[in-house]
Structure formats: structure tokens, C-alpha cells
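Everything below concerns the one structure shown next.
Protein chains: 2
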Amino acid sequence: MMTESPRPALDVALAYHQAWTSHDLDKAMTYIADDVVCDAPAGRLDGAAAYREFMGPFVQILTGSKLIAAFGDHETALVMYDTETMPVKSAPGAECVTVKDGKITYSLFVFDRAPFDAARNRAVESG
Amino acid sequence: MMTESPRPALDVALAYHQAWTSHDLDKAMTYIADDVVCDAPAGRLDGAAAYREFMGPFVQILTGSKLIAAFGDHETALVMYDTETMPVKSAPGAECVTVKDGKITYSLFVFDRAPFDAARNRAVESG
């Protein structure tokens, strides 16, 4: 008999986090519902394909990460982490996810786009 | 005899949140340690005076807020919320705070500066 976790949403959020910070986007996507809705800084993403298109380029420039805090309960989890990426040395982010049947169905994603915009502008100016 | 809260850091984070989202910066500052360190998107803030200078202008443009999720334990709390401000209609933020003796001693503050930068640029262009 399986023992149910007291915090299934946190378990899923952490497994998802562990996967994408290990550059395993395929595994990360197994925790994302097909009809996921994600409110990201640039706007709303609808569905797993759009979500993957959003995460893919980020995972490619990711050079390191550190989990700062993670809490959750039956349906909701809240995770904060720092990331190190090629253009930006410290880019902390936070995600609040809703989990149903082992998959993330909604995500509110917060991070600061300003340093990424600045890095892009520098690249354009120097390129 | 007082009953100790099982999540004193969460209690402080929520009381602080309630105060500043009610535009009561004086009360909010009673939950901030004199030697607070805050890592905000624009860089590190050292001490309560710098922290207040950072929060003051934001509280002045705040027109609404909604708590999205809040979790915590003995020493750490993680809070996510949405804010409505005069220049930016939806500006979600997240804070991970360390609490000691009833005061926030460290805060990692995440929000997207990009829409605020864009609003400022529009104001400059139209002004």
C-alpha cells in the first residue's frame, strides 16, 4: 500500500524544479498538465507546448541554481530559487503552482526581466 | 500564559504584509529589524532606513493588492502576492524573509522591474 504524502503539491513542485534545474526538460514536462496555464512576466502562456517554448531557452542558458525556500500543501506550492544564467549572474525567481492529480495545472511565475533586457541590449550594442 | 505560534515567521510576514498593503508604512516598519538586509531586484539594501526608502515610493503608488500564497515555519516565510499600482495594473511580487525575535532580518524580494521601466519610459516620452 502506498503512503500518501501530506504535501503532494510540494512534492510535484520540487520534482519539477529538480528536473528543469538539472537541464532535463523532458522530465520536467512530465509534471506539467497538457492544459497548464502560466502567468509569466511577459504574459499568459496557454498549454504545455507554449510552456515548453518558454522554459526551453531559459534552461539552455542556465548554468547554476540554488533552491532558497519551498513550501506547500495539498494543492498549492510556493518555491523560490536563485538561478545563474549565461547573461545574468543572479536571477532569482518564484513560482506559485496549483497541482492536480500529480501535475501542475496553473503557475504564477515571477522574476525580474530587467537584467535580461539589459544583457540583450548590451549584446545588440556590441554586436 | 501566551501560546506560542507554530509558525512565528509566517505570522510576522503576514502582519508586515497586511500593514504595507494597507498603506501603513510606519506599522510595517515595526516588523523590520534595524539591521535588515534586503536583496531587491536593483541590488542590496542595508538597514531599515534604506529599506523604508525603497518601500515608501512603492506604497505611495499602490492602489490594490491580493495575497496569492503564504507559507512559513519557525524562521522562514515565503509570500507571493499581486499588486496593482498606478503605472502597472498587475505587478506580482514574492518575498522570502528570515525572522528573528519577531522582526524581519533578511528579505529576498523578487518582482519584475520591466513594466515599471516601460511605464517610466512612456512618461518621459509623453512628458
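Here the protein sequences come in this chain order: A and B. With our numbering, the residue at position 76 of the first sequence is 76, and numbering never jumps. With our numbering, the residue at position 20 of the second sequence is 147, and numbering never jumps. Think of the CB as a built atom: it goes at the ideal place given N, C-alpha and C, for glycine as much as any other residue.
So which of the options has the shortest CA-CA distance to residue i?
i      : options                           : result
A/A118 : B/I188, B/A169 and B/D200         : B/A169
B/L205 : B/W147, B/I195, B/S253 and B/R171 : B/I195
A/V36  : A/T105, A/E53, A/A123 and A/F111  : A/T105
A/W20  : A/R113, A/P6 and A/Q60            : A/Q60
B/D161 : B/L235, B/L137, B/D228 and B/A241 : B/D228
B/Y143 : B/P135, B/P133 and B/K154         : B/K154
A/N121 : A/V88, A/R7, A/F58 and A/M80      : A/V88
A/M86  : A/Q18, A/L108 and A/F58           : A/F58
Whole angstroms is fine: what's the gap from residue i's alpha carbon to residue j's?
i      : j      : result
B/L189 : B/H150 : 8 angstroms
B/D173 : B/M156 : 14 angstroms
A/Y31  : B/E131 : 38 angstroms
B/E202 : B/V237 : 19 angstroms
B/V226 : B/L137 : 9 angstroms
A/E95  : A/A49  : 19 angstroms
B/F181 : A/D73  : 32 angstroms
B/G220 : A/K66  : 19 angstroms
A/V124 : A/P115 : 14 angstroms
B/S234 : A/L14  : 22 angstroms
A/Q18  : B/Q145 : 33 angstroms
A/S126 : B/S253 : 29 angstroms
Starting from the C-beta of residue i, find all residues in its chain whose C-beta is less than 8 angstroms away, skip the five residues before and the five after it, and write them out in chain order.
i      : result
B/G183 : L152
B/V139 : Y158, A204, V224, V226, G229, K230 and I231
B/R134 : G199, D200, H201 and A204
Specify the secondary structure class of residue i as computed by DSSP and reduced to three states.
i      : result
B/T148 : helix
A/G102 : coil
A/D26  : helix
A/V88  : coil
A/D46  : strand
B/D209 : strand
B/E222 : strand
B/S253 : helix
A/D73  : coil
B/D161 : strand
A/D39  : strand
Please list, in chain order, all residues of the same chain as residue i whose beta carbon is under 7 angstroms from its beta carbon, the five residues on each side excluded.
i      : result
A/S90  : D82 and E84
B/Y178 : I159, V163, C165 and L172
Can you list, in chain order, the residues of its chain whose CB lies under 6 angstroms from that of residue i, leaving out five sequence neighbours each side?
i      : result
B/F198 : L205
B/G191 : E211
B/R240 : P168
B/M207 : I195, A196 and A221
Exercise. Which residues, taken in chain order from the segment 202 to 230 of chain B, show a beta carbon closer than 9 angstroms to some beta carbon of chain A?
Worked result: T203, A204, L205, V206, M207, D209, S217, P219, G220, A221, E222 and C223
Exercise. What residues in the segment 234 to 254 of chain B have a beta carbon less than 7 angstroms from any beta carbon of chain A?
Worked result: L235, V237, F238, D239, R240, A241 and D244
Problem set entry | Positions along the segment 161 to 179 of chain B whose CB lies within less than 9 angstroms of some CB in chain A | D166, P168 and A169
Exercise. Which of the residues in the segment 52 to 72 of chain A, read from start to end, lie with their CB under 9 angstroms from any CB of chain B?
Worked result: I68, A69, A70, F71 and G72
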